[in-house]
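Chemist: One structure, pasted below without further comment.
Protein chains: 2
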Amino acid sequence: MTSEVSAALTEVDHVVGYAPYIDRVPQRAGLQRHASGNTVELDRARLALDLARAGERVAVVSGGDAGVFGMASAVFEAAEDLAYADVAVRVLPGLSAVQAVAARAGAPIGADFAVVSLSDRLKPWPVVEQRLHAIAEADLVLAIYNPASRSRTQQIVDTQKLLLEHRAPDTVVVIGRDVGRAEESLLVTTLAELDPDSIDMKCLLIIGASSTRRTRSGQVWTPRFVE
Amino acid sequence: MTSEVSAALTEVDHVVGYAPYIDRVPQRAGLQRHASGNTVELDRARLALDLARAGERVAVVSGGDAGVFGMASAVFEAAEDLAYADVAVRVLPGLSAVQAVAARAGAPIGADFAVVSLSDRLKPWPVVEQRLHAIAEADLVLAIYNPASRSRTQQIVDTQKLLLEHRAPDTVVVIGRDVGRAEESLLVTTLAELDPDSIDMKCLLIIGASSTRRTRSGQVWTPRFVE
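The listed protein sequences derive, respectively, from chains A and B. Under our numbering, the letters of the first sequence match residues 39 to 265, in that order. Under our numbering, the letters of the second sequence match residues 39 to 265, in that order.
Shown next, in the form of structure tokens:
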């Protein structure tokens with residue numbers, strides 16, 4: 039958490055967010071906490087906007103960076119409703135999951151990269167596939183958010199197959215799980231050896247470019263240069 | 039700066055980096071500062087590794103996130119030399135320039151996005167062009183690092199032309215300059231109206247996807263969904 043975010047959290051009347059993120063906000067007298075379940079982003083955004091419209095100061099919290107597959111877009115989406123025309127929205131950046139995983143691994147996103155969510159909850163799967171083909175053909179490092187969920191396990195299987203059409207089997211893959219939390223773990227493997235059954239919603243994947251490599255001690259980095 | 043980075047900076051004997059970033063490190067007794075010029079990343083990395091090999095504790099500092107077009111990759115590149123086999127390298131993440139600009143603008147990278155450096159100092163320009171075509175065809179939001187320098191002004195001209203082959207003239211463009219510093223500024227314009235002459239090395243650009251839009255108050259966001 040940045041000092042800018044810590045300071046903002048001392049100034050609000052309400053925090054709104056997915057329960058596990060609300061739990062990380064320090065409690066204090068006068069702060070009302072509104073924890074909600076997963077996948078109800080718009081409801082959560084509307085609750086925050088309703089409170090703000092009534093004159094309250096509200097912080098909507100996300101894990102990582104709210105601007106990177108976090109709540110920021112959902113708040114702007116809900117705020118398109120003219121009822122919220124007078125509500126001021128300000129976004130404070132945070133460390134995104136892709137940066138946290140990258141730093142733990144070394145410097146895998148040290149060159150041109152792309153960040154894609156594999157969830158087809160908000161976009162058609164063919165759009166995701168087209169993007170993956172384009173990214174692989176352009177030899178960008180690829181960070182994958184939302185690789186799987188309990189009910190959504192086919193996407194990472196299909197993604198591995200698709201990427202192997204473009205990338206070598208020994209392409210370096212980093213799997214970060216719960217990074218930034220006490221139970222964090224990191225696995226470095228290859229595109230061919232990636233086990234889709236081991237991937238769930240707590241994972242973030244970084245698929246290397248063709249130049250991504252491992253050091254003798256197992257750290258992963260992508261050269262800045264392209265030969 | 040995160041608390042993790044602040045803590046690390048109190049524990050080292052040396053800081054090494056580009057002069058403007060060294061200037062931001064709080065001074066204290068016993069801390070030796072090694073400021074260097076721009077574009078000498080490998081020399082700087084070797085200096086840090088030489089100090090570390092001699093038993094000193096060294097921090098190499100970057101602006102933004104060292105892992106995103108910062109010094110992390112350069113340090114791993116220099117550390118490939120077997121002379122540095124015993125030096126341990128650890129990367130601490132920071133807020134990247136793309137996140138800082140995105141947050142100031144609203145939520146422009148709230149959906150799938152790519153991050154590309156326009157510099158052809160370390161990769162052939164045709165590689166950059168191929169990547170820009172792929173990213174534009176896949177309708178990803180595009181963040182551009184190093185859009186221009188004093189001697190390198192043609193790339194942003196060519197990029198604007200190239201992107202207009204794929205994207206509508208009214209595609210939203212965010213230009214952040216010196217974001218995160220006292221003199222920061224932000225301009226929201228369109229792909230057709232973007233003035234290449236106004237772009238220099240202090241700028242970071244975010245080119246919207248087709249869905250990227252402005253709010254009534256001028257904030258920029260990209261919907262999470264694709265219709």
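The beta-carbon is built from N, C-alpha and C at its ideal position, and this holds for glycine as well.
Measure the C-alpha to C-alpha separation of HIS171/B and PHE151/A and round it to an integer number of angstroms.
Modeler: Distance between the alpha carbons of HIS171/B and PHE151/A: 14 Å.
Chemist: Given GLY218/B, which residues of its chain have a CB within under 6 Å of its CB, disregarding the five upstream and five downstream residues?
Modeler: Cβ neighbours of GLY218/B beyond the five flanking positions: ALA138.
Chemist: Looking at the unbroken beta strand (DSSP E) that takes in ILE60/A, where does it start and where does it end?
Modeler: Premise fails: ILE60/A lies in the alpha helix (DSSP H), 57 to 60, not in any beta strand (DSSP E).
Chemist: Any residues in the stretch 241 to 255 of chain A with a beta carbon nearer than 7 Å to a beta carbon of chain B? Which ones, in chain order?
Modeler: Against chain B - using a Cβ distance shorter than 7 Å - the residues of the stretch 241 to 255 of chain A are THR253, ARG254.
Chemist: Just checking: is the beta-carbon of THR209/A within a distance shorter than 8 Å of some beta-carbon in chain B?
Modeler: Chain B contact via Cβ: absent.
Chemist: So is THR260/A in contact with chain B if we call contact Cβ pairs under 8 Å?
Modeler: Chain B contact via Cβ: present.
Chemist: Going along chain B in order, which residues have a C-beta closer than 8 Å to the C-beta of SER111/A?
Modeler: The contacting residues are ALA145, GLY148, ALA149, TRP259, THR260, PRO261, ARG262.
Chemist: Taking LEU87/B as the reference, which of VAL166/B, GLU231/B, MET109/B has the closest Cα?
Modeler: The option with the nearest alpha carbon to LEU87/B is MET109/B.
Chemist: In whole angstroms, give me the CA-to-CA distance for VAL98/B and GLU118/A.
Modeler: If you take the alpha carbons of VAL98/B and GLU118/A, they lie about 44 Å apart.
Chemist: Name the chain B residues that come within less than 7 Å of ARG169/A, Cβ to Cβ?
Modeler: Correct list: ASP150, ALA176, LEU178.
Chemist: Can you list, in chain order, the residues of its chain with a C-beta nearer than 7 Å to that of HIS204/B? Leave out the 5 residues immediately preceding and following it.
Modeler: Answer for HIS204/B: ALA174, GLU175, listed in chain order.
Chemist: With 8 Å set as the bound, which would you pick, yes or no: does the beta-carbon of VAL165/A sit closer than that to a beta-carbon of chain B?
Modeler: It does; some Cβ of chain B falls within 8 Å.
Chemist: Checking contacts by CB at 8 Å: is ALA123/A closer than that to chain B?
Modeler: Cβ-Cβ to chain B under 8 Å: yes for ALA123/A.
Chemist: Would you identify the three-state DSSP class for VAL99/B, choosing helix, strand or coil?
Modeler: Residue state, collapsed to three classes: strand.
Chemist: List the whole-angstrom C-beta distance separating VAL96/A from HIS52/A, where the pair is believed to meet the contact cut-off of C-beta under 8 Å.
Modeler: That pair is a contact at about 5 Å.
Chemist: Can you tell me which of the three DSSP states VAL226/A falls into?
Modeler: In the structure shown, VAL226/A sits in a strand (DSSP, three-state: E or B).
Chemist: From the DSSP secondary-structure annotation, give me the bridge partner or partners of TYR183/A.
Modeler: According to DSSP, TYR183/A bridges with SER155/A.
Chemist: So, using beta-carbon positions, are PRO131/B and ASP103/B closer together than 8 Å?
Modeler: Closer than 8 Å, so yes.
Chemist: So for SER74/B, helix, strand or coil by DSSP?
Modeler: SER74/B falls in the strand class under three-state DSSP.
Chemist: Quick check: is the beta carbon of ALA135/B nearer than 8 Å to any beta carbon in chain A?
Modeler: No, ALA135/B lies away from the interface with chain A (no Cβ there is under 8 Å from its Cβ).
Chemist: Listing by chain order, which chain B residues have their CB less than 9 Å from the CB of LEU85/A?
Modeler: Simply none; closest approach about 18 Å.
Chemist: Inspect the beta-carbon positions of LEU243/B and VAL195/B and report whether they are closer than 8 Å.
Modeler: No; because the gap between Cβ atoms is not below 8 Å, this pair is not in contact.
Chemist: Kindly indicate the opening and closing residues of the alpha helix (DSSP H) around LEU89/B.
Modeler: From DSSP, the alpha helix (DSSP H) with LEU89/B extends over 79 to 91.
Chemist: Report yes or no: do three or more beta-carbon pairs, one from the stretch 236 to 251 of chain A and one from the stretch 181 to 188 of chain A, lie closer than 8 Å?
Modeler: Yes, the stretch 236 to 251 of chain A touches the stretch 181 to 188 of chain A.
Chemist: Looking only at its chain, what residues have a beta carbon closer than 8 Å to the beta carbon of ASP216/B, apart from the 5 residues adjacent to it on each side?
Modeler: So the qualifying residues of the chain are GLU222, SER223, LYS240.
Chemist: Between LYS199/A, GLY68/A, ALA57/A, which has its C-alpha nearest THR48/A's C-alpha?
Modeler: Nearest of LYS199/A, GLY68/A, ALA57/A to THR48/A, Cα basis: GLY68/A.
Chemist: Compare the C-beta of ASP119/B with all C-beta atoms of chain A and state if any pair is closer than 8 Å.
Modeler: Not closer than 8 Å to any Cβ of chain A, the Cβ of ASP119/B fails to qualify, so no.
Chemist: Can you tell me the Cβ-Cβ gap for ARG159/A and GLY214/A, rounded? I've got them flagged as a contact below 8 Å.
Modeler: Not quite, the Cβ-Cβ distance comes to about 22 Å (not below 8 Å), so this is no contact.
Chemist: Among VAL166/B, PRO261/B, THR40/B, ARG62/B, which one has its Cα closest to the Cα of ALA220/B?
Modeler: The residue with the shortest Cα to Cα distance from ALA220/B is ARG62/B.
Chemist: Using a C-beta to C-beta distance shorter than 8 Å, which residues of chain A count as neighbours of PRO185/B?
Modeler: Those within 8 Å of PRO185/B in chain A number zero; the least Cβ separation is about 14 Å.
Chemist: Can the beta-carbon of VAL54/A be found closer than 8 Å to that of HIS72/A?
Modeler: In contact: VAL54/A and HIS72/A (Cβ atoms closer than 8 Å).
Chemist: Looking at the unbroken alpha helix (DSSP H) that takes in ARG169/B, where does it start and where does it end?
Modeler: From DSSP, the alpha helix (DSSP H) with ARG169/B extends over 163 to 175.
Chemist: In the DSSP output, which residue or residues are listed as bridge partners for GLY214/A?
Modeler: According to DSSP, which records beta bridges pairwise, GLY214/A is partnered with LEU224/A, LEU242/A.
Chemist: Is any heavy atom of the ligand ADP found at a distance shorter than 7 Å from the C-beta of ASP177/B?
Modeler: Among the components modelled here there is no ligand, and therefore nothing to report on the ligand ADP.
Chemist: Enumerate in chain order the residues of its own chain whose CB-to-CB distance from PRO146/A is below 7 Å, with the five nearest sequence positions on each side excluded.
Modeler: Counting only Cβ-Cβ distances below 7 Å, and skipping sequence neighbours, we find ALA140, VAL179, VAL212, ILE244, GLY246, THR250, VAL258, TRP259, THR260.
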